[in-house]
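Chains as they are written, first to last, in our numbering: chain A, 2 to 362; chain B, 2 to 362.
C-beta: ideal position from N, C-alpha, C; glycine also.
There are 2 protein chains.
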Amino acid sequence: MTRAFNFSAGPATLPESVLRQAQEEMLEWNGAGASIVEMSHRGPEFMAVAAQAEADLRRLIGIPDDYAVLFLAGGATTQQALLALNFAQPGQTVDYVLTGHWGKTAIKQVSPYVTVNVAASSEANGFHDIPARASWQLSDDAAYVHITANETIHGVEFRDTPDVGEVPLFADFSSSIASEPLDVSKYGLIYAGAQKNLGPVGVSVVIVRRDLLERSGQPRADIFDYGSHVARDSMLNTPPTWNWYLAGLVFQWMLAEGGVEEFARRNAVKSGLIYGAIDQSGGFYRNEVVPAARSRMNIPFFLPDDTLNARFVSESKAAGLLALKGHKAVGGIRASLYNALPVEGAQALAAFMRDFQQRNG
Amino acid sequence: MTRAFNFSAGPATLPESVLRQAQEEMLEWNGAGASIVEMSHRGPEFMAVAAQAEADLRRLIGIPDDYAVLFLAGGATTQQALLALNFAQPGQTVDYVLTGHWGKTAIKQVSPYVTVNVAASSEANGFHDIPARASWQLSDDAAYVHITANETIHGVEFRDTPDVGEVPLFADFSSSIASEPLDVSKYGLIYAGAQKNLGPVGVSVVIVRRDLLERSGQPRADIFDYGSHVARDSMLNTPPTWNWYLAGLVFQWMLAEGGVEEFARRNAVKSGLIYGAIDQSGGFYRNEVVPAARSRMNIPFFLPDDTLNARFVSESKAAGLLALKGHKAVGGIRASLYNALPVEGAQALAAFMRDFQQRNG
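(1) Tell me the rounded alpha-carbon separation between A/A5 and B/I275.
(2) At 7 Å on the CB atoms, spell out the chain B contacts of A/I224, in chain order.
(3) Got a sec: is the Cβ-Cβ distance from B/N310 to anything in chain A below 8 Å?
(4) Taking all protein chains shown into account, decide if A/T78 is buried (16 or more other Cβ within 10 angstroms of its Cβ) or exposed.
(5) So which residues of chain B does A/M40 contact, with C-beta pairs closer than 7 Å?
(6) Considering only the alpha carbon of each residue, which of B/K329, B/M27, B/Y97, B/V290 lies closest to B/P169?
(7) State yes or no: is the beta carbon of A/L213 nearer than 8 Å to at least one beta carbon in chain B?
(8) Closer than 6 Å by C-beta to B/V19: which residues in its own chain qualify, once you throw out the five before and the five after it? Chain order, please.
(9) Judging by CA-CA distance, which residue of B/Y286, B/A330, B/A179 is the nearest neighbour of B/R266?
(10) Ordered along the chain, which non-local residues of its own chain (more than five positions away) have a Cβ less than 6 Å from that of A/S177?
(11) Can you pull out the residues from the segment 226-242 of chain A whose beta carbon lies closer than 7 Å to at least one beta carbon of chain B?
(12) Could you check what DSSP says for B/N288 in three-state terms: helix, strand or coil?
(13) Going by the CB atoms, is the gap between A/V204 and A/A195 shorter than 8 Å?
(14) Taking Cβ positions only, does A/N126 come closer than 8 Å to chain B?
(15) Would you kindly check if the distance between the Cβ of A/S9 and the Cβ of B/E39 is under 8 Å?
(16) Is it the case that the segment 228-240 of chain A contacts the segment 40-59 of chain A, given that we only count it when at least three CB pairs across the two stretches are under 8 Å?
(17) Which residues in the same chain have their Cβ closer than 7 Å to the Cβ of A/S317, if we skip the five residues on either side of it in sequence?
(18) What is the C-beta distance between B/A107 and B/D212, in whole angstroms, given that I count them as a contact (C-beta under 8 Å)?
(19) Let me know the secondary structure DSSP gives A/L309 once reduced to three states.
(20) Which of the three DSSP states is assigned to A/H328 in this structure?
(21) Leaving out five residues on either side along the sequence, give the residues of the same chain with a beta carbon under 7 Å from the beta carbon of B/F225.
(22) Quick one: what does DSSP say B/T116 is sitting in, helix, strand or coil?
(23) Who are the near neighbours of A/P163 in its chain, counting only those whose CB is closer than 6 Å to its CB and skipping five residues on each side?
(24) Could you check if B/P182 is buried or exposed, using at least 16 other CB atoms within 10 Å of its CB as the buried criterion?
(25) Comparing alpha-carbon positions, which option in B/A120, B/V270, B/Y145, B/H102 lies nearest B/R216?
(26) Measuring straight from C-alpha to C-alpha, what distance separates A/G228 and A/R210?
(27) If the cut is a Cβ gap below 8 Å, which residues of chain B does A/P366 touch?
(28) Return the bridge partner residues of A/D96 from the DSSP annotation.
(29) Could you please give me the residues that DSSP links to B/F47 through a beta bridge?
(30) Apart from the five residues just before and just after B/E129, which ones in its own chain have a Cβ nearer than 8 Å to its Cβ?
(31) Less than 8 Å between C-beta atoms, sequence neighbours within five positions excluded: which residues of the same chain meet that for A/G333?
(32) For chain A, find out if any of its Cβ atoms is closer than 8 Å to the Cβ of B/Q196; answer yes or no.
(33) Beta carbon of B/S136, beta carbon of B/A121: below 8 Å?
(34) Identify the contact partners of A/N244 in chain B, using a Cβ-Cβ distance below 8 Å as the criterion.
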């Protein structure tokens with residue numbers, strides 16, 4: 002058994018203690034005679050697991066009672082489509098602030114259903130910044146304003162919650178939820194695929210202010226209706242039980258480790274180590290994001306040429322530092338530093354970066 | 002470790018050898034330094050797992066090359082909604098043959114998008130039969146005809162593929178796929194949640210004749226477009242990788258055990274044991290389904306009164322026979338006998354039924 006440091010952008014590294022518990026319980030859960038993955042979602046065993054996971058997530062993030070929490074199958078992209086179907090009238094205007102690849106995906110999903118106003122975009126400068134709030138051109142009558150809290154490919158992150166007045170703010174928090182304290186009450190809806198900070202791939206979390214569920218939205222199948230999912234406690238149909246269970250173990254681990262305040266501290270340390278290695282490299286490593294908008298979760302960077310980028314990827318892998326190849330949309334290197342990546346992983350990567358530069362700089 | 006015989010209707014029992022392999026690989030997959038659940042879906046490791054799973058499923062079921070195979074997040078209910086969006090014009094007529102609870106769910110999902118013609122229904126007789134093909138009132142211009150191959154709650158199953166002429170036949174095979182040989186070429190589309198015969202909950206399989214993907218359907222998000230999923234090999238967004246991996250292990254197990262012919266044999270033996278115990282009970286156990294439409298997968302039955310039903314559930318559980326309580330929609334008892342439930346499990350249940358009757362009859 003040689004577990005390496007895994008910098009994958011998602012599906013991403015999980016706490017080893019969580020994997021060990023899942024391993025121990027794989028053939029039989031808690032003396033029940035079967036694995037949790039073999040049990041009915043409506044039986045008392047899984048119902049307890051599900052309720053505990055929601056309670057733990059509420060405590061971890063600090064979710065007010067006037068917000069519902071959903072655990073839904075699949076990833077964030079499905080939720081992106083459901084935003085328009087549930088909360089906007091057909092053809093109604095919605096405001097999107099575009100700061101990277103995933104914002105574009107979010108717009109693509111809703112375009113068949115609504116009129117998208119791109120209220121602000123950093124595309125012209127290569128998605129290296131968050132547009133200043135004063136520059137946003139919000140609509141008078143938008144159904145909601147949508148932001149991507151952290152862009153995993155371009156490595157830019159909102160470091161403050163923008164004030165958009167009375168219009169509900171919807172946010173894709175897939176890659177930064179639970180990485181630091183979050184004031185849920187500033188948002189109308191938060192959604193996140195679990196496979197970065199919350200647990201395994203295959204389940205998404207939606208946190209929605211209950212009064213918004215009264216909106217009529219537009220014609221849609223019952224399975225696409227957030228209100229139906231809330232009314233059935235995310236068991237409108239068979240949910241991804243094992244994924245939900247594993248996410249619950251990750252929530253318990255995060256709480257035991259000290260909660261979001263502790264992860265905010267660790268994530269500042271980890272990202273500081275990597276940005277430090279970049280900034281102190283005299284230009285050998287290059288990150289193009291404006292410092293105030295740098296992501297703590299995903300750090301894309303580039304070496305002087307593609308030969309060196311490729312050598313860095315192969316040598317780092319051989320050194321036990323996995324999945325550092327950049328996304329194909331931007332190339333180069335990308336280090337993802339989610340909650341479950343230990344500080345020692347970032348230390349090892351920073352040390353490798355200095356050593357690699359000495360040998361190749 | 003005391004694994005019991007698990008008669009859950011889904012999520013359902015899995016082969017112990019598959020769970021053991023998943024357990025062994027939970028912390029590190031194949032020397033890769035990480036679990037498969039921690040790896041990028043676009044990396045070479047998971048891409049190989051995914052491709053092997055598709056190849057194995059094609060071999061297991063016998064899927065012709067002119068059919069695409071998708072592995073999609075979530076359950077069958079989402080697919081039910083997508084049928085209308087992808088294959089019918091807005092408001093176009095679609096024909097549904099209603100033989101139980103899941104057929105009603107299928108109709109509910111498409112009702113916002115199309116005009117549903119219930120071509121035949123066994124609801125008036127309590128869903129105890131499959132309406133004779135000659136009685137079906139098919140439309141002249143239906144986009145497709147939909148059936149539920151096996152109804153898990155009412156325990157009725159199509160034992161032949163109905164001939165519907167040139168109109169594509171779509172079928173929900175969630176609870177009977179891979180349980181016996183299947184002539185895919187008779188169908189336009191087959192869909193199945195994996196959590197009964199194919200593996201774990203959280204992933205669904207869609208088998209679709211490629212020429213149908215040229216239909217324009219109706220306005221929909223890209224994530225709801227089967228053609229987009231086919232074009233990206235089910236990786237339009239992050240798929241439920243662990244669930245897909247585990248399904249792949251189940252496919253390998255089914256092939257190694259002898260394929261669908263062998264499971265057809267075992268399933269006939271298993272269901273024969275339980276129906277035998279019912280039919281030889283002199284009316285103590287009662288199954289209300291017309292014999293020719295009896296499901297081999299799910300056998301609902303009733304004892305003389307609810308006190309006995311409840312006693313049967315609690316005593317069977319104490320005897321290591323799990324999850325025999327009937328669905329709340331019909332009550333009584335239900336035994337699900339999917340591929341991974343061994344013949345020994347059905348033997349044990351049949352013996353328990355005889356013993357229980359002797360003590361309580």
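In short, the structure shows the following:
(1) 50 Å
(2) T78, T79, A82, Q110
(3) no
(4) buried
(5) S9, P12
(6) B/Y97
(7) no
(8) L250, V251, W254
(9) B/A179
(10) A150, N151, M298
(11) N238, T239, P241, T242
(12) coil
(13) yes
(14) no
(15) yes
(16) yes
(17) L325, F353
(18) That belief does not hold up - the Cβ atoms of B/A107 and B/D212 are roughly 23 Å apart, past 8 Å.
(19) helix
(20) coil
(21) L83, L86
(22) strand
(23) R134
(24) exposed
(25) B/Y145
(26) 11 Å
(27) Here chain A covers residues 2 to 362 and nothing more, so residue 366 of chain A does not appear.
(28) A/N118, A/V146
(29) Partner(s): none; B/F47 has no beta bridge.
(30) The amino acid at residue 129 of chain B is misidentified as Glu; the sequence shows His. Closer than 8 Å at the Cβ level, and outside the excluded window around B/H129, lie S123, H155, V157, E289, V290, V291, A294.
(31) P301, F302, F303, L304, N310, G327
(32) yes
(33) yes
(34) G203, P241, W243, N244
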